[in-house]
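Here the structure comes first, spelled out in structure tokens, and everything after it is commentary.
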Amino acid sequence: NNMPRHSYHGYAITDFYKVDPRLGSNESYQKFCQQSATKGIKVIMDMVANHCGLYHQWISSPPHSEWINYYNQPYTETNHGKYILSDPYASPEDKEMLSDGWFVRTMPDLNTRDPHLANYLIQNAIWWIEYAGLSGIRMDTYLYPDELFMSEWARRIIEEYPNLNLAGEVWHNNPAVVSYWQNGKTNANGYVSHLPGVFDFPLQDGLRNALMDDHHGWIALYDILAQDFQYPSPENLVVFADNHDMSRIYTQVEEDYIKYQLAIAYILTTRGIPQLFYGTEILMTNKGTENHGVIRSDFPGGWKRDSINAFTGEGLTMQQKKAYDFMQKLLRWRKGETTIHNGQTMHFFPSDGVYVIFRYDDTKRLMVVLNKNEKPVTLKLDRFQSMLRGAAEGMEILSGQKVMLGSTLQLNAAGPMIIQINGGK
Numbered sequence: 028n029n030m031p032r033h034s035y036h037g038y039a040i041t042d043f044y045k046v047d048p049r050l051g052s053n054e055s056y057q058k059f060c061q062q063s064a065t066k067g068i069k070v071i072m073d074m075v076a077n078h079c080g081l082y083h084q085w086i087s088s089p090p091h092s093e094w095i096n097y098y099n100q101p102y103t104e105t106n107h108g109k110y111i112l113s114d115p116y117a118s119p120e121d122k123e124m125l126s127d128g129w130f131v132r133t134m135p136d137l138n139t140r141d142p143h144l145a146n147y148l149i150q151n152a153i154w155w156i157e158y159a160g161l162s163g164i165r166m167d168t169y170l171y172p173d174e175l176f177m178s179e180w181a182r183r184i185i186e187e188y189p190n191l192n193l194a195g196e197v198w199h200n201n202p203a204v205v206s207y208w209q210n211g212k213t214n215a216n217g218y219v220s221h222l223p224g225v226f227d228f229p230l231q232d233g234l235r236n237a238l239m240d241d242h243h244g245w246i247a248l249y250d251i252l253a254q255d256f257q258y259p260s261p262e263n264l265v266v267f268a269d270n271h272d273m274s275r276i277y278t279q280v281e282e283d284y285i286k287y288q289l290a291i292a293y294i295l296t297t298r299g300i301p302q303l304f305y306g307t308e309i310l311m312t313n314k315g316t317e318n319h320g321v322i323r324s325d326f327p328g329g330w331k332r333d334s335i336n337a338f339t340g341e342g343l344t345m346q347q348k349k350a351y352d353f354m355q356k357l358l359r360w361r362k363g364e365t366t367i368h369n370g371q372t373m374h375f376f377p378s379d380g381v382y383v384i385f386r387y388d389d390t391k392r393l394m395v396v397l398n399k400n401e402k403p404v405t406l407k408l409d410r411f412q413s414m415l416r417g418a419a420e421g422m423e424i425l426s427g428q429k430v431m432l433g434s435t436l437q438l439n440a441a442g443p444m445i446i447q448i449n450g451g452k
């Protein structure tokens, strides 16, 4: 990203085959991936096929003028119309503007309809997979390049590496738009996608709204999950409470620790593949600003100038240490819970500030209780008998305490409960 400005994010690429020297070298990245593999850690590379950087050599001396959309023409920005490609009434002019317009002035738009450029980008992805031993790719701005190219990009890579996972960023809060891009979806216009996974932006939006809306509460989240019928493979959605492009979840919930706990407990127990943004475990925040430099602040520790070391706990507040312990406990439990990884889901319509979700398989049933009530509340259990099946007790994972599952369950205050159900029919 050899740009004078606007290169902090890594998407203004000036050489698709080199690591930014400010971060290291190709050799150091390869070594990092190899050492990660010895620790059982898989590495995912973030890629972008829609654009390059303004200082890429293709701009000053393109192999062909048609490689860059609107080359040597007045700046023309994409319309960002994310409904357009699935819109049955969309005009060809609007479709062209979505795919061909530039994302921003510093990122020239690539004409991925050109077969030579398309092949270059596909071969570049394959080269990195081979060179670094990648286990997955996150494709940025997935819906902005030519949609037929993106389908072929995914098809070619999956054909070479059937066990590699691909996830595309389709930032929209409507499941109908996001599901359009997932492999296996039967689209009305006949478009066939080969992309296995997409990021579940609708669920993230529903989770935030559910936590912050005291009137409708959990219904905003229930309604989004209820639309899983639109996805061919909801289990392959990437679920998250926040990411690098939005305020941190602790900021989104106005630094309310209980709401933070509810968000994390949901993300780590719902269907899909959870993504955690670094620093979430120590309540990193961006209060009072939407500046991406603040949102993406360095993780504290490891640098001489750091007064806080989150790796050792030195300098963390008691609340931050509490959050760290909470996250660690949940993750260590989740690691071996195949019911969470692969089980089915049943949820019950929220009532009186409480949302109950079950994850289950042939061997185990888990009851997730999300409670927003600030005062103790009694939860009647008769409506959950299709999952409880007469079970008399269970073990609450977070507290380690046994709970009785009679006719009611006493909820002491707001917060999450995860109950492993013991017994029953």
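Numbers 28 to 452, taken from the numbering used here, label the letters of the sequence shown in order.
Yeah, the Cβ is synthetic: ideal placement off N, Cα and C, and Gly gets one too.
Please read all numbers here as calculations on a predicted model, not as lab measurements.
Secondary-structure assignment with DSSP links leucine 193 through a beta bridge to Ile164. Classified as buried, isoleucine 276 has 16 or more neighbouring CB atoms from the shown chains inside 10 Å of its CB.
CA-to-CA, the gap between asparagine 151 and asparagine 96 works out to about 20 angstroms.
Sequence-distant Cβ neighbours of glutamate 262 in its own chain, meaning closer than 7 angstroms and more than five residues away, are Arg298, Gly299. Glycine 80 places its beta carbon 7 angstroms or farther from that of glycine 244. By the criterion of at least three beta-carbon pairs nearer than 8 angstroms, the segment 114–128 is in contact with the segment 169–181.
Using a 10 angstroms sphere on the CB of aspartate 167, the tally of other CB atoms reaches 16 or more, which defines it as buried. Distance check between proline 327 and each of Gly342, Glu317, Gly315 places Gly342 closest, using alpha-carbon atoms only. Contact between phenylalanine 385 and arginine 410 fails: their C-beta atoms lie close to 12 angstroms from each other, not under 8 angstroms. The shortest C-alpha to C-alpha distance from glutamine 355 to any of Ser55, Thr307, Phe267 is the one to Thr307. In its chain, beyond the 5 residues on either side, no residue has a beta carbon closer than 8 angstroms to the beta carbon of proline 189.
Fewer than three Cβ pairs drawn from the segment 110–124 and the segment 62–71 lie within less than 8 angstroms of each other, which leaves the two stretches out of contact. The segment 430–444 and the segment 396–413 touch, with no fewer than 3 CB-CB distances between them shorter than 8 angstroms.
Assigned with DSSP and collapsed to three states, histidine 91 falls in coil, not helix or strand. By the neighbour-count definition (other C-beta atoms within 10 Å, threshold 16), glycine 224 is a buried residue.
For proline 443, the secondary structure class from DSSP, reduced to helix, strand or coil, is strand. Pairing histidine 83 with glutamine 428, the inter-Cα distance amounts to about 59 angstroms. Contact annotation: the segment 105–114 touches the segment 196–216, with at least three C-beta pairs closer than 8 angstroms.
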